[in-house]
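Student: The structure follows.
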Amino acid sequence: MDLKAILNNESSRRSTPIGAPISSLKSAAKPPTPTNTNGTKVSTAVDSLPSPSKKRKLEDTDDADDQPAPKRSRRHVPVPIWATKMAQRIEPKPRPRTNGHHHPPTGAPNGHARPTGGHEGSITGIAPFEELRRKVMDFIFENVVQGAGETLANNENEFPSEIEIEGKLGELIDHRTRQRLFLGNCTEAVLSPGVEAQFRSIMSISQHKHLNGFLNKETERSLAAGRRKITYAHTYDEDKFYTLTAVGLASIPPHLRSLMNPHHTPKVRVTTNQKTGEIINKIVKIRVKDLDISLPSSLFDCRISINIEIKYNGELGEPAEGGTGGRKKDRMSYVHQNCQIDLTQVRAVDRPQAEPSHELEVEVIDAMKLRNEGQLAHQGKDNMYEAICEEFLNNLRVLSRAQPRHLQA
């Protein structure tokens, strides 16, 4: 049986998959000093790295004014998935003050109660949720706390695999014009699944250098008293890709095969240390779901992705991607609290004279921790789910806005 037959068979039996652990980065004994793109060191000591609504059509008729106005139904804003249980705990009256301080509940149906000196955030007494942030939190909850993440958690002892939550900066491309997608919005906007747009991870060398300097400066600033320190590492790795044989695919458990796209040929990524040749890992990556965000006031747009990385030790097929020699990655990593920022220069092994590409990614370090916090939020218990999701989104916002307008790609 060939690969597509196996995957189609799994797809036909697929049930709704319902976060999964991801290993936290391990600390290195003595991390290198941050460097600029030109190789100069940044003089700072750093800690070790923890290795559209439907509109009613207006009819053009003579007696339109004689028609009674239609009754408008009241819009109902649903409670966020992750705050359902918490919403049940909210009382109509404020909680008593302790030592002059009011302590509101951590979740509310449509926002947060944030009274300051008797001032209320709206006519309801509750400040509404910020829409984009809520959409991101719902997206992660549906695919990590539930969805594919729950599938992994229910089978965590069967096969080594991890959930990955990452955000990339780049451009959303209109499939008709092949230019950057503009929707007419002036502010951040999440794209509907039906919008046909391709995401292109693109960045110029000048933008790469600027972000390198920005991140190095923030690393130095984080050393100030009272700050959470940013840690740094510089690595040189090489990726090579191989086809996944029918035998290799059959060795992957059904619950993981069921998450694979039957229309895509799975590949094995083998990563080695450029200097020592040591194999770092062998991974089969499953793309679960993407959330695209248009950022018209920035030079970049954003794509948030949920992936599954399967640790693979089976046989390797022929070199993939038309026999290319893989890619060499010069990566600078910055870790702050719950997120890792990777600024990477990539060169094609078989085209060493070609211009390198540049990428920036923000990843949640410990997806298992975030999944657990999401479960606590759903149970109405104290949690860090919203805080970690907001930290992740804010890092993408800060980095997208760090680029001056003159540094076009």
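Using the numbering used here, you'd call the opening residue of the sequence shown number 48 and step up by one each time. Yeah, the Cβ is synthetic: ideal placement off N, Cα and C, and Gly gets one too.
1. How is H222 classed by DSSP in three states: helix, strand or coil?
2. Can you check whether the CB of N354 is closer than 7 Å to the CB of H334?
3. May I ask you to report which of helix, strand or coil DSSP gives N354?
4. Assuming Y289 and V317 make a contact with CB atoms under 8 Å, what is their CB distance in whole Å?
5. Give me, in chain order, the residues of the same chain whose beta-carbon lies closer than 6 Å to that of I435; leave out the 5 immediate sequence neighbours on both sides.
6. Give the secondary structure of F246 by DSSP, where H, G and I count as helix, E and B as strand, and everything else as coil.
7. Would you check if the distance between the CB atom of G217 and the CB atom of S248 is smaller than 7 Å?
8. Under a three-way DSSP split, which group does I327 fall into?
9. Under DSSP, the alpha helix (DSSP H) around L443 begins and ends at which residues?
10. With a CB to CB cut of under 8 Å and the five nearest residues on each side skipped, what residues in its chain are close to D112?
11. Buried or exposed: where does G295 fall if 16 or more other Cβ atoms within 10 Å of its Cβ makes it buried?
12. Quick check on DSSP: helix, strand or coil for K182?
13. Quick check on DSSP: helix, strand or coil for I412?
14. Taking the alpha carbon of K287 as the reference point, which residue from A297, K329 and K322 has its own alpha carbon closest?
15. Using C-beta distances below 7 Å, list every residue in its chain close to Q422, excluding the 5 sequence neighbours before and after it, in chain order.
16. Smallest Cα separation from E356: which of L219, V382, K264 and L199?
17. Is there a Cβ of chain C sitting closer than 7 Å to that of N190, yes or no?
18. Which complete beta strand (DSSP E) runs does the segment 371–412 hold, if anything under 3 residues is left out?
19. For F347, count neighbouring Cβ atoms within 10 angstroms of its own Cβ and tell me buried if that reaches 16, exposed if not.
20. Would you check if the distance between the CB atom of L270 and the CB atom of L390 is smaller than 7 Å?
21. Shortest alpha-carbon distance to V311 belongs to which of A367, T282 and P300?
Tutor: The structure says:
1. Walking along the sequence shown from the start, residue 222 turns up at place 175. Coil, per DSSP.
2. As a working note, residue 334 is residue 287 in the sequence shown. As a working note, residue 354 is residue 307 in the sequence shown. For the sequence presented, residue 334 should be read as Arg rather than His. For R334 and N354, yes; Cβs fall inside 7 Å.
3. Numbered from its first residue, the sequence shown carries residue 354 at position 307. The answer is strand: DSSP assigns N354 an E or B state.
4. Taking the first residue of the sequence shown as position 1, residue 289 is located at position 242. Taking the first residue of the sequence shown as position 1, residue 317 is located at position 270. Yes, they are in contact, since the Cβ atoms of Y289 and V317 sit about 7 Å apart, within 8 Å.
5. Against the sequence shown, residue 435 aligns to sequence position 388. Closer than 6 Å at the Cβ level, and outside the excluded window around I435, lie N385 and L417.
6. Position 199 of the sequence shown holds residue 246. The answer is strand: DSSP assigns F246 an E or B state.
7. Stepping through the sequence shown from its first residue, residue 217 is reached at position 170. Stepping through the sequence shown from its first residue, residue 248 is reached at position 201. For G217 and S248, yes; Cβs fall inside 7 Å.
8. Walking along the sequence shown from the start, residue 327 turns up at place 280. In this structure, I327 counts as strand in the three-state DSSP scheme.
9. Position 396 of the sequence shown, counted from the first residue, corresponds to residue 443. That run of the alpha helix (DSSP H) goes Y432 to R448.
10. Start at 1 with the first residue of the sequence shown, and residue 112 comes out as number 65. Residue confidence is low: D112 scores 45 on pLDDT, short of 50, so the model does not pin down where it sits. Its coordinate-derived value is still stated next. Within the same chain, D112 has no close Cβ partners at all.
11. The residue labelled residue 295 in the question sits at position 248 within the sequence shown. Classification of G295: buried, given that the 10 Å Cβ count is 16 or more.
12. Your numbering for residue 182 matches position 135 in the sequence shown. Looking at K182 - three-state DSSP - the assignment turns out to be helix.
13. The count along the sequence shown starts at 1 and reaches residue 412 at position 365. Correct three-state label for I412: coil.
14. Here residue 287 is taken as the residue at index 240 of the sequence shown, counted from 1. Comparing Cα-Cα distances from K287 to each of A297, K329 and K322, the minimum goes to K329.
15. Taking the sequence shown and counting its residues from 1, one reaches residue 422 at position 375. Once the five neighbours on either side are set aside, the close Cβ partners of Q422 are V192.
16. Here residue 356 corresponds to residue number 309 of the sequence shown, with the count starting at 1. It is L199 whose Cα lies nearest to the Cα of E356.
17. Judged by its chain identifiers, the structure shown contains no chain C, having just a single protein chain.
18. 374–383, 386–395 and 404–411
19. Position 300 of the sequence shown, counting from 1, holds the residue named residue 347. Per the 10 Å Cβ criterion, buried.
20. Sequence index remark: in the sequence shown, residue 270 carries index 223 (1-based). Sequence index remark: in the sequence shown, residue 390 carries index 343 (1-based). No. Outside cutoff.
21. Here the question's residue 311 lines up with position 264 in the sequence shown. Note on identity: in this sequence residue 311 is His, with Val being the wrong assignment. Nearest option by C-alpha distance: A367.
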